[in-house]
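As you go down the protein sequences, you meet chains A and B in turn. Those letters in the first sequence? Residues 1 to 257, by the UniProt record's numbering. Those letters in the second sequence? Residues 1 to 392, by the UniProt record's numbering. Built from N, CA and C at the ideal position, the CB exists for glycine as well. Remember, predicted model here, so these are calculated numbers, not experimental data. One structure is given here, and the rest of the page talks about it.
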Amino acid sequence: MNRINYLFNTKKERVLSIYFTAGFPKLEDTLPVMEAIQAGGADIIEIGVPYSDPIADGPTIQDSNLIALENGMSLKKLFEQLVGFRAKIHLPVVLMGYLNPIMQYGMEAFCKKCKEVGIDGLILPDLPMQQYLDEFKELFEEYGLFNIFLISPQTSEKRIREIDQNSNGFIYMVSSHSITGAKTGITEEQIAYFERVEAMNLKNPRLIGFGISDAETFTTASQYSNGAIIGSAFIKKIKDSQNLSQDIQDYLKGVKA
Amino acid sequence: MIRVDEKGFYGKFGGAYIPEMLHPNIEELRENWESIVASPEFQNEFQLLLRDFVGRPTPLYFASRLSEKHGAKIYLKREDLCHTGAHKVNNTVGQIILAKKLGKKRIIAETGAGQHGVATATVCALMGMDCTVYMGELDIQRQRPNVERMKILGAKVVPATSGSKTLKDATNEAMRAWINDPVGTHYIIGSVVGPHPYPEMVARFQSVISEEIKWQMMEKEGRENPDLVIACVGGGSNAAGAFYHFYNTPEVRLVAAEAGGLGVNSGKSAATTALGTPGILHGSKTILMQTEDGQVVEPHSISAGLDYPGIGPVHAHLFDIGRAEFVAVEDEDAMKAGIELSRLEGIIPAIETAHAIHALNMIEYSKNDVIVINLSGRGDKDLDTYIKWGGY
Ligand SMILES: Cc1ncc(COP(=O)(O)O)c(C=O)c1O
Numbered sequence: 001m002n003r004i005n006y007l008f009n010t011k012k013e014r015v016l017s018i019y020f021t022a023g024f025p026k027l028e029d030t031l032p033v034m035e036a037i038q039a040g041g042a043d044i045i046e047i048g049v050p051y052s053d054p055i056a057d058g059p060t061i062q063d064s065n066l067i068a069l070e071n072g073m074s075l076k077k078l079f080e081q082l083v084g085f086r087a088k089i090h091l092p093v094v095l096m097g098y099l100n101p102i103m104q105y106g107m108e109a110f111c112k113k114c115k116e117v118g119i120d121g122l123i124l125p126d127l128p129m130q131q132y133l134d135e136f137k138e139l140f141e142e143y144g145l146f147n148i149f150l151i152s153p154q155t156s157e158k159r160i161r162e163i164d165q166n167s168n169g170f171i172y173m174v175s176s177h178s179i180t181g182a183k184t185g186i187t188e189e190q191i192a193y194f195e196r197v198e199a200m201n202l203k204n205p206r207l208i209g210f211g212i213s214d215a216e217t218f219t220t221a222s223q224y225s226n227g228a229i230i231g232s233a234f235i236k237k238i239k240d241s242q243n244l245s246q247d248i249q250d251y252l253k254g255v256k257a
Numbered sequence: 001m002i003r004v005d006e007k008g009f010y011g012k013f014g015g016a017y018i019p020e021m022l023h024p025n026i027e028e029l030r031e032n033w034e035s036i037v038a039s040p041e042f043q044n045e046f047q048l049l050l051r052d053f054v055g056r057p058t059p060l061y062f063a064s065r066l067s068e069k070h071g072a073k074i075y076l077k078r079e080d081l082c083h084t085g086a087h088k089v090n091n092t093v094g095q096i097i098l099a100k101k102l103g104k105k106r107i108i109a110e111t112g113a114g115q116h117g118v119a120t121a122t123v124c125a126l127m128g129m130d131c132t133v134y135m136g137e138l139d140i141q142r143q144r145p146n147v148e149r150m151k152i153l154g155a156k157v158v159p160a161t162s163g164s165k166t167l168k169d170a171t172n173e174a175m176r177a178w179i180n181d182p183v184g185t186h187y188i189i190g191s192v193v194g195p196h197p198y199p200e201m202v203a204r205f206q207s208v209i210s211e212e213i214k215w216q217m218m219e220k221e222g223r224e225n226p227d228l229v230i231a232c233v234g235g236g237s238n239a240a241g242a243f244y245h246f247y248n249t250p251e252v253r254l255v256a257a258e259a260g261g262l263g264v265n266s267g268k269s270a271a272t273t274a275l276g277t278p279g280i281l282h283g284s285k286t287i288l289m290q291t292e293d294g295q296v297v298e299p300h301s302i303s304a305g306l307d308y309p310g311i312g313p314v315h316a317h318l319f320d321i322g323r324a325e326f327v328a329v330e331d332e333d334a335m336k337a338g339i340e341l342s343r344l345e346g347i348i349p350a351i352e353t354a355h356a357i358h359a360l361n362m363i364e365y366s367k368n369d370v371i372v373i374n375l376s377g378r379g380d381k382d383l384d385t386y387i388k389w390g391g392y
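Listed below in structure tokens is the structure:
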């Protein structure tokens, strides 16, 4: 069974997913960061594949992408780092990245590598549902990769249903009209949207991301979904860390408190 | 047949690779733009504004001294005489009427040379709409007069400080701004780039250029089709407009002048078809300059309007099937061509446009050929660059 399904079969509440950028803050930090996320008690690891032009990301993640690229990170390098990671990491691991670097690597070669190293799912923000169905669905399925779709407050009910039909693993609920890291806190308007989607009784679990940063926002988001995703806030925490493992575990303890 | 298909593709290129957050906006456009543009109300308003506000039709001017120098019959399609000084306004007039019909209140845009920003700020002033223009920090420095023009017109100019701080980054910022504020906002893209339906929509608004060329050719030469049409290509909107009604007329040669920068192999170039490979940029599959790992390469051109690592998907297709000839014109040659046109015809062209003039030296043609060069814009905005270059 895909590790993502296994997770949601056994845990339905306060699922915590952590995003970080591969090769950040230092090129060889990818695995140590993953280990610390696991040791800190998170449930899913999202590895960002850095890209020069991340149009859905705000300044914090743009900056981590740029630093990772300057460090020499690439898909090729990432797959080298990930060889054998399953000996240490049992959490579900999802790759998040823009299409272009993956296209250049080769879609099929990419899927094959993902399966080989032990990746469970993909979040490709610039791959819309129709393009996924037309071009990639078969391939992803062949290699056992879950494709995780985003929905936003503007997504119509009809489309949310279609996305739910075509989703595997979980649905990524973008918490507001925003790019990553742009807004913090949770407003009443957002809660109305969370409630609206919750009342739809979707077949897939939902995680809320964008603007989640601490125990309070994590708890609020978890009240209306199966859990939440933290990205920019985590990147800020590790950017200048002198002791990655300790700082990550302390931070996650705080979020889960 | 060269035309866009149902899903927004020209051959292998095009499509709409956008984050879900933009889906409702893009879908709204895709579903409505053609019927709105075809409606009599739209057409009445559009045609009236093109005539009385933009100053169309623009002349097809026989450039006798340039013709003599190059040994062909050369006409200049005078888009430089459009209000605001370039072809860009054809598109912004179309899109602002469309935005109004869609009930939008707020406009955002990206700009490179500032011509599209000025053209957008202009139509926003005309329609009383709120306007924010994203512009690379480097471009803000090299196109100062246009920045001030936008401000005089009441627009807010926001610097894009990421990456190369030029057009690519301004486009990223505009897309992010749209994601952050999608409700009631229309994004006026300035070239035939971006997710479907933008490339076709912008090309349609610019196609008035080739529509006029056809009847003007008939008046002047007794035939609709020139032998060659030459245009510069940044994203490719003036070229798409000048080529549009000739796409499917193979006897008309189409020549696209890209920015060679300091030389195609210098590492400082924006010659997309010479250096690029297929990939995805700003929502469409096209040809773009990138590393082996799929990171977008930062381009270089002396002209801000051509300083872009991609081209519109229709041009990627024209290149792919060999329908258009692409040449890479270097900075220095473009500047000299700008001076040549100034001295021979009394027209100081935009530096973007000067690339199209120099293309005359890079292609074969015969003495009897009738050549139309799309004179996409005037050089007022580029005085600083001409002065700094100094070779006149
Ligand atoms: C005068 C002029 N020509 C050409 C261009 C390049 O744009 P496009 O390739 O879309 O025509 C610009 C862009 O700013 C411009 O100002």
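An exposed status is given to residue 383(B), since fewer than 16 other beta-carbon atoms sit within 10 Å of its beta-carbon.
DSSP, read as helix, strand or coil, puts residue 292(B) in coil. Residue 162(B) reaches chain A at 62, counting residues in chain order whose Cβ is nearer than 7 Å. Put simply, the CB of residue 23(B) is near chain A, with a gap under 8 Å to one of its CB atoms. The alpha carbon of residue 157(A) has as its nearest neighbour, out of 94(A), 91(A), 200(A), the alpha carbon of 200(A). At a cut-off of 8 Å between C-beta atoms, residue 167(A) does not count as an interface residue with respect to chain B. Following the DSSP letters along the chain, one finds residue 139(A) inside the alpha helix (DSSP H) bounded by residues 137-142. Counting along the chain, residue 8(A) sits inside no beta strand (DSSP E); it lies in the alpha helix (DSSP H) bounded by residues 3-10. For residue 79(B), there is no enclosing beta strand (DSSP E), since its DSSP letter is neither H nor E.
Against residue 172(B), the close residues of chain A are 53, 55, in the order they occur along the chain (beta-carbon pairs closer than 7 Å). Near chain B, meaning a CB-to-CB distance below 9 Å, the residues of the segment 87-100 of chain A are 98, 99, 100. What residue 126(A) touches in chain B, judged by beta-carbon distance under 9 Å, is 17, 18, 19, 280, 283, going in chain order. In the pairwise beta carbon analysis, the segment 233-242 of chain A is classified as touching the segment 56-73 of chain A: at least three pairs are separated by under 8 Å. Across the structure, residue 387(B) and residue 92(A) are spaced so that their CA atoms are roughly 60 Å apart. Legend: CB atoms of the segment 171-185 of chain A lying less than 8 Å from CB atoms of chain B belong to residues 174, 177, 178, 179, 182.
In this structure residue 208(B) does not touch residue 191(B) by the C-beta definition: roughly 16 Å separates them, more than the 8 Å allowed. The Cβ atoms of residue 111(B) and residue 133(B) sit closer than 8 Å to each other. Around the C-beta of residue 243(A), fewer than 16 other C-beta atoms lie within 10 Å, and the residue is accordingly described as exposed.
When only Cα atoms are considered, residue 224(B) and residue 214(B) end up about 5 Å apart. A direct Cα-to-Cα measurement between residue 129(B) and residue 38(A) gives close to 51 Å. Restricting attention to alpha helix (DSSP H) runs no shorter than 4 residues, the segment 313-380 of chain B encloses them at 313-320, 331-345, 351-358, ordered along the chain. Any Cβ of chain B closer than 8 Å to the Cβ of residue 38(A) would place that residue at the interface, and such an atom is absent. As the crow flies, the alpha-carbon of residue 67(B) is around 12 Å from that of residue 361(B).
Closer than 7 Å at the C-beta level to chain A, one finds no residue of the segment 360-391 of chain B. By DSSP's assignment, residue 146(A) forms a beta bridge with 121(A).
Boundaries of the beta strand (DSSP E) around residue 110(B): 106-111. At a threshold of 7 Å, residue 383(B) does not count as near ligand 1, since its beta carbon sits no closer than that to any of the ligand's heavy atoms. Of all residues in the segment 136-152 of chain A, the ones placed with a Cβ closer than 9 Å to any Cβ belonging to chain B are 149, 150, 151, 152, in chain order.
Relative to ligand 1, the beta carbon of residue 358(B) is positioned no closer than 7 Å to any heavy atom.
Membership of residue 270(B) in any beta strand (DSSP E) is not indicated, and neither H nor E is assigned to it by DSSP. Comparing alpha-carbon positions, the option among 90(B), 71(B), 11(B) lying closest to residue 242(B) turns out to be 90(B).
Across the structure, residue 280(B) and residue 269(B) are spaced so that their CA atoms are roughly 19 Å apart. Not one beta carbon of chain B lies nearer than 8 Å to the beta carbon of residue 232(A). With respect to chain A, the C-beta atom of residue 293(B) has a partner C-beta closer than 8 Å.
For residue 156(B), no CB of chain A lies under 8 Å from its own CB, so it is not counted at the interface with that chain.
Counting only the Cα atoms, residue 40(A) lies some 7 Å from residue 250(A).
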